[in-house]
Amino acid sequence: MARRRRRSPPVEMTVSIESLTNDSRGVAHHEGKAVFVEGALPGEVVLCQTTKRTSKYDTAKVIEVIEASEDRVQPRCSAAGICGGCSLQHMSESSQIHAKQQVLLDNLKQIGKVEPLSTLPPLQSSHWNYRRKARLGVKFVPKKGGVLVGFREKQSGYLAVMDSCEVLDGRFSQLIMPLRELIGEISIAKRIPQIEIAAGDNSAVMVFRHLEPLSERDKEHLKAFAIQYDLSIMLQPAGPDSIHELYPESQGLLEYRLDEWDVSIRFRPTDFTQVNASINQLMVSNALELLAAEEDEEVLDLFCGVGNFTLPLARVCRQVTGIEGDSVLVKMARDNAVHNKITNAEFITADLYDAPLDGSWLHRKWDRILLDPPRSGAMEVIERLPELQPKRIVYVSCNPATLARDADLLVNKFGYKLLAAGVMDMFPHTKHVESIAVFEPS
Ligand SMILES: C[S@@+](CC[C@H](N)C(=O)[O-])C[C@H]1O[C@@H](n2cnc3c(N)ncnc32)[C@H](O)[C@@H]1O
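So that you can map any letter, position 63 of the sequence shown is 63 in the numbering used here, and since no number is skipped, the others follow by simple counting.
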């Protein structure tokens with residue numbers, strides 16, 4: 001019989017925090033071993049308790065701050081210490097973005113072996129009620145007072161007990177407790193695993209995943225909730241294709257505006273869209289300024305989604321082509337072009353990770369290229385970009401490690417220079433780092 005490995009019992013220790021990891025845990029050393037302490041800041045002395053012990057390092061959580069850093073602030077949310085939705089609420093907002101900028105520069109240096117010629121000022125906006133999209137977990141836990149709704153705990157897979165959420169869009173932030181009560185009244189409360197929430201500028205939607213049919217009475221409860229809180233409610237009885245309206249019966253698409261370019265972007269609640277509307281406005285503006293496309297130029301927008309950068313680009317250049325892997329998003333992007341009376345944007349479905357890549361768009365010369373890949377980066381297509389001879393490349397990234405890896409290719413293999421890089425505060429209070437980088441041929 002396999003012997004089960006015994007976990008070492010937790011140990012308490014007092015440590016001095018030297019620096020921050022890339023995911024914003026405090027780094028200390030104790031008896032020669034590195035300790036990564038959740039919730040601790042550089043310069044602090046903390047009493048912490050181990051959460052995991054290995055021969056090479058320990059992880060720990062703060063029990064008591066003995067000497068506090070000047071950057072420490074009181075978290076706004078009472079669940080901040082346990083809820084995995086946020087991990088930096090104990091850190092002032094200016095030090096959060098400074099730490100993220102350092103993560104970007106460290107990654108570029110260590111992984112990419114590059115340094116930007118200049119560092120762009122961080123893009124910042126509101127730090128609270130910014131999050132327009134989220135997937136909330138739901139679980140019936142009688143021991144914890146009935147139905148829980150929210151994010152998972154930092155240290156476990158369990159849902160955190162929370163009544164409200166300060167980072168969710170204002171239309172959702174105070175609805176956690178009402179949602180807990182609502183689901184408590186539903187006959188299949190134990191068979192609702194999650195709720196997706198999404199908001200546009202003028203409307204908000206909740207999509208309830210349910211594993212068993214809802215009764216007519218359940219549906220009436222949900223409708224009453226939608227009316228009370230001025231929301232639309234959709235149901236998802238099976239896979240993503242099963243999503244349909246409950247109330248109102250014909251819910252239009254969600255929509256957000258990019259006023260600077262007179263563009264309205266429509267999307268469905270489960271489509272990829274940037275979560276932070278005001279940072280998105282600043283980001284699109286910044287990216288277009290850095291790309292500096294001229295009116296007689298042709299631009300390629302890789303990983304274009306529903307056209308968030310493509311459609312504004314169409315307003316400033318001669319022609320733009322968006323490439324996207326999800327054919328449903330491509331259709332939405334095409335519809336968005338029609339909706340905005342844009343005729344100089346085309347959209348193509350292609351899997352940009354499917355090397356060797358092919359397609360007519362890869363055999364043309366492009367004046368400028370923008371790319372905004374998922375976390376895994378864009379290595380496969382980066383290999384092909386120099387063939388397309390762009391005068392400038394703007395790379396928007398949600399993962400500084402893959403941006404740095406790809407910057408290494410562009411700079412150290414293909415001879416581009418990294419003109420500038422900077423961070424954008426897309427996800428305040430979380431460890432996620434959104435960044436932008438500009439490359440030009442040397
Ligand atoms: C970070 S999002 C950016 C979307 C868009 N630029 C925006 O600002 O809303 C990344 C996009 O890459 C798309 N994507 C993911 N994997 C892909 C692949 N293998 N090939 C092409 N596109 C892919 C996703 O569907 C998503 O739309």
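Quick reminder that beta carbons are idealized off the backbone N, C-alpha and C, glycines included.
These numbers come from a predicted model, not from an experiment.
Enclosing beta strand (DSSP E) for residue i [first to last residue]
i, result
"L41", "Where L41 is concerned, there is no enclosing beta strand (DSSP E), given that its DSSP letter is neither H nor E."
"E346", "345-349"
"G26", "26-30"
Simplified DSSP state of residue i, which is helix, strand or coil
i, result
"F267", "strand"
"M426", "coil"
"P441", "strand"
"N276", "strand"
"K190", "helix"
"A162", "Checking the sequence, you will find Met at residue 162 rather than Ala. In this structure, M162 counts as coil in the three-state DSSP scheme."
"Q319", "strand"
"L254", "strand"
"E387", "helix"
"V73", "coil"
"E434", "strand"
"L357", "coil"
"S242", "helix"
"E260", "helix"
"L288", "helix"
"K341", "coil"
"L311", "helix"
"L88", "coil"
"L211", "coil"
For residue i: DSSP bridge partner residues
i, result
"K330", "Position check: residue 330 holds Val in this sequence, whereas Lys was assumed. DSSP output for V330 lists no bridge partner at all."
"I369", "L300, I393"
"D58", "V35, R53"
"A198", "K133, V205"
"M379", "According to DSSP, M379 bridges with nothing at all."
"Y247", "I233"
"C48", "M13, V62"
"C453", "Only positions 1 to 442 of the chain appear in this structure, which leaves residue 453 out of reach."
"L123", "M424"
"E324", "T349"
"L20", "G26"
"G146", "V141"
First through last residue of the alpha helix (DSSP H) which encompasses residue i
i, result
"K223", "216-228"
"H98", "93-110"
"G415", "Looking at the DSSP string, G415 is not in any alpha helix (DSSP H), and its letter there is neither H nor E."
"T402", "400-408"
"F172", "170-173"
"L117", "That residue, L117, is in no alpha helix (DSSP H); it is neither H nor E in DSSP."
"G184", "176-184"
Nearest-angstrom beta carbon gap, residue j and residue i [assumed within contact, 8 Å]
i, j, result
"N336", "L123", "Actually they do not touch by this definition, with Cβ atoms about 24 Å apart."
"R171", "A199", "6 Å"
"I97", "V423", "6 Å"
"L148", "L159", "4 Å"
"G84", "F140", "In fact, because the Cβ distance is near 20 Å, the residues do not count as touching under 8 Å."
"V447", "L311", "Residue 447 is absent from the structure shown; the chain starts at 1 and stops at 442."
"L288", "L313", "7 Å"
"A204", "L168", "10 Å between Cβ atoms; not a contact."
"I197", "L136", "7 Å"
"A34", "I17", "With 8 Å as the limit, A34 and I17 do not qualify as a contact, their Cβ atoms being about 12 Å apart."
"N276", "Y130", "5 Å"
"H210", "I192", "5 Å"
"E440", "L419", "6 Å"
"K56", "C48", "Not really, about 18 Å apart at Cβ, beyond 8 Å."
"N344", "R318", "7 Å"
(message) Does the segment 370-390 come into contact with the segment 83-101, if we say contact requires no fewer than three beta-carbon pairs (one atom in each stretch) closer than 8 Å?
(response) no
(message) Closer than 8 Å is the cut-off here; do at least three beta carbon pairs connect the segment 399-412 with the segment 98-111?
(response) yes
(request) Inspect the CB distances between the segment 264-276 and the segment 239-255 and report whether three or more fall short of 8 Å. (result) yes
(message) Would you call the segment 116-130 in contact with the segment 411-431, where contact means no fewer than 3 C-beta pairs closer than 8 Å?
(response) yes
(message) If contact is defined by three or more beta carbon pairs under 8 Å, each pair taking one atom from either stretch, is the segment 34-51 in contact with the segment 63-80?
(response) yes
(message) Across the segment 352-364 and the segment 406-418, are there enough close Cβ pairs to call them in contact, namely three or more that are closer than 8 Å?
(response) no
(request) Evaluate contact between the segment 221-239 and the segment 177-186, counting only Cβ atoms and requiring at least three cross-stretch pairs below 8 Å. (result) yes
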